[in-house]
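Chemist: Following this message is one structure expressed as C-alpha cells.
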Amino acid sequence: MTTPTQLAEQLSTTTLLRFATAGSVDDGKSTLVGRLLHDSKSVLTDQLEAVQDASRKRGQDAPDLALLTDGLRAEREQGITIDVAYRYFATTRRRFILADTPGHVQYTRNMVTGASTAELAVVLVDARNGVVEQTRRHAAVAALLRVPHVVLAVNKMDLVDYAEPAFAAIAKEFTAYAASLGVPEITAIPISALAGDNVVEPSANMDWYGGPTVLEHLETVPVSHDLTACHARFPVQYVIRPQTAEHPDYRGYAGQIAAGVFRVGEPVTVLPSGRTSTIAGIDLLGSSVDIAWAPQSVTVRLTDDIDVSRGDLIAPLDDAPSVTQDVEATVCHVADRPLAVGQRVLIKHTTRTVKAIIKDIPSRLTLDDLSQHPAPGKLVANDIGRVVVRTAEPLALDTYADSRRTGSFLLIDPADGTTLSAGMAGASFAVTPAPAPAPADDDAEWDF
C-alpha cells in the first residue's frame, strides 16, 4: 500500500496536464468529469456522501456524479453547467487541472476561458445526435486557441447498443472537420460516462475498440507546455523604488516572466520605447539569482537608469517582438453587446492597456462550412471573426502562433470595463480570410 509520504514523492515528480471539457447541451460533460473523479478515487468521502444525499432527495437510486462538478444551485436545479468548474486531481502518473465548461451557446465565452490555458480539450458528442453546430464551434475555439491535443469522446454509446458504425461515422466527420481547422492531434474514444465504459476502466461492451480509455490517454499524452523554450518575454507589472536608507538607489521591475529564460548580464530592450540596457540582477523570493524562467515571479534590475513603467515589456535585444499600432487578429466575441466597425475600445495586452478603435471587421467565420462571410460590419455574441484594430500607443505583440501568452489580448468596453472579445494576434487556423473592404472612417474623437 502506498503511504502518504510515498504518494507525495510520486506526485512531486509527475507532470501537470491542464485540460478542458466541452460539448453541446446534455452531452454528459459533468457526468464524465464526475465519473473520472469517482473511478480514479479522487473524490473525498464527504463529497460523495453529499452527492448521494442530494441524489436521494431528487428520487434517484444511484448517485448523480454530475453533481460533483455542478456546484451552483441553478446548475443543480436545471441539470446544466453554467459556469466553468475547475477541479484538481492526481494519479500516480500525472497531476491534472480540469476546466468543465458549459455547453449552452450563450456560455461559449466560458469555453474560451477554460481552454485558454489548456494543453488538451475533451469535446463530447452524444452518439445519438452526432456532430452538431455547438460541436463545430467548440472545435473551432480549440483550434483558434492552439490547443495541441483534442479528444473526441463519443458519449452515451450504451444508448446506441455500443454499435461501432455509429462511433465510426461520428469520428470520421469530426476528425475531417477538426483537421481542416489545423488541429494537430485528434483522438476519438467511444464511452458511456453514466455506465463508466472506457472512462477509467476498459469497456467489456466494446471489444471492437482497442484504444486507450479517457484516463489512460490523459495520463500518457505528451505535455509540451515548456514556456522556457519560447521567446523570452517579461511584462513589467510594478516598479519597486523603496528609497530607504538601506536601499537608497534600488530600482527594480517586478512581474511574472511570461515565457522564456532571462540571465544576469544579458542585453535587453524595453518596449515599446526601444531603449536598451543589460540585466544587472534578478531577485527571486528575497534572494539574488543568476537565471530565472517562466512562470516565475521576479524583480529585474537593469544597469542603466532608464524610463521603465508598468505595461512595458522587457525582451532579449536580439529576439524582441515587433512593435505596432495596427493589430490584425481573430477574435471570439464574448459579450452580449455587438462589436462594430468604428467602435472605441480598450485593448489589454499582458500588463498594458491602451485606447484603440475597431478599424475593420473583414470577415466572420461560418462554422457549417468554414467559409468566411465578408464585411459583416459587426460581431455578435459567440461570433468568431477577423478584426483590424488601431491602437493609440504601440504594442509589443507576438503572433499567437508563436506565443499564447504574449500573442493574446482582450478588447474591453471603456465605459464599464466589460470584456467584449478575446483576441489572438496574427493568422487564424487553416482558413483563408476573404479580401478586406476599404477601412471605415475614424471616429473624430479617437483619430490616431
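At position 368 of the sequence shown the residue is numbered 414 (my numbering), and the sequence of numbers has no breaks.
We put the CB at the ideal spot given by N, CA and C, even for glycine.
#1: In chain order, what residues of the same chain have a beta carbon less than 8 Å from the beta carbon of A366, not counting five sequence neighbours either side?
#2: Using DSSP with H/G/I as helix, E/B as strand and the rest coil, what is H84?
#3: Would you tell me roughly how many angstroms separate the C-alpha atoms of G469 and T399, rounded to the nearest one?
#4: Quick check: A305 and R192, are their CB atoms within less than 7 Å of each other?
#5: Considering only the beta carbon of each residue, do V169 and I216 sit closer than 7 Å?
#6: Mind reading off the beta-carbon distance from P341 to I303? Whole number of angstroms is fine, and I expect it under 8 Å.
#7: Which of the three DSSP states, helix, strand or coil, is assigned to S226?
#8: Rounding to the nearest angstrom, what Cα-Cα distance links V434 and G80 in this structure?
#9: Have a look at the DSSP bridge pairing and note the partners of Q418.
#10: In three-state terms, what does DSSP make of A304?
#11: T266 by DSSP, collapsed to three states: which one?
#12: Spatial neighbours of K424 within its chain, please: C-beta separation below 8 Å, excluding the five flanking residues on both sides.
#13: Excluding sequence positions up to five away, which residues of its chain have a Cβ less than 8 Å from the Cβ of P460?
#14: Who does D172 pair with in a DSSP beta bridge?
#15: Name the DSSP beta bridge partners of L261, please?
#16: Tell me which same chain residues have a C-beta within less than 8 Å of the C-beta of V187, skipping the five on either side of it?
#17: Taking only the alpha-carbon atoms, compute the straight-line gap between I360 and L466 and give it to the nearest angstrom.
#18: So the alpha helix (DSSP H) A188 belongs to, where does it begin and stop?
Modeler: According to the structure shown:
#1: Here residue 366 is taken as the residue at index 320 of the sequence shown, counted from 1. Cβ within range, chain order: T315, L317 and A442.
#2: Taking the sequence shown and counting its residues from 1, one reaches residue 84 at position 38. Three-state result, H84: helix.
#3: Counting from 1 along the sequence shown, the entry for residue 469 is found at position 423. Counting from 1 along the sequence shown, the entry for residue 399 is found at position 353. Roughly 14 Å separates the two Cα atoms.
#4: On the sequence shown, residue 305 is found 259 positions in, with the first residue counted as 1. On the sequence shown, residue 192 is found 146 positions in, with the first residue counted as 1. It is not a contact, given that the beta carbons lie outside the stated cut-off.
#5: Looking up residue 169 in the sequence shown gives position 123. Looking up residue 216 in the sequence shown gives position 170. The answer is no: Cβ separation not under 7 Å.
#6: The residue labelled residue 341 in the question sits at position 295 within the sequence shown. The residue labelled residue 303 in the question sits at position 257 within the sequence shown. Rounded, the Cβ-Cβ distance is 6 Å, consistent with contact.
#7: Within the sequence shown, the letter at position 180 stands for residue 226. Of the three classes helix, strand and coil, the one that applies to S226 here is helix, per DSSP.
#8: One-based indexing of the sequence shown puts residue 434 at position 388. One-based indexing of the sequence shown puts residue 80 at position 34. Cα to Cα, V434 sits roughly 42 Å from G80.
#9: Mapped onto the sequence shown, residue 418 falls at position 372. Q418 pairs with L411.
#10: Sequence index remark: in the sequence shown, residue 304 carries index 258 (1-based). Three-state DSSP puts A304 in coil, outside helix and strand.
#11: Mapped onto the sequence shown, residue 266 falls at position 220. T266 falls in the helix class under three-state DSSP.
#12: Here residue 424 refers to the residue found at position 378 of the sequence shown. So the qualifying residues of the chain are P384, L385, A386, V387 and I407.
#13: The count along the sequence shown starts at 1 and reaches residue 460 at position 414. Cβ within range, chain order: R390, V391, L392 and K401.
#14: In the sequence shown, counting from the first residue as 1, residue 172 sits at position 126. BP columns for D172 point to N201.
#15: Your numbering for residue 261 matches position 215 in the sequence shown. For L261, which the question treats as bridged, DSSP gives no partner whatsoever.
#16: Numbered from its first residue, the sequence shown carries residue 187 at position 141. Contacts found: A68, T154, M157, V158, A161, C378 and I430.
#17: Stepping through the sequence shown from its first residue, residue 360 is reached at position 314. Stepping through the sequence shown from its first residue, residue 466 is reached at position 420. Cα to Cα, I360 sits roughly 28 Å from L466.
#18: Reading the sequence shown from its first residue, position 142 is the one you call residue 188. Start and end: E179 to L190.
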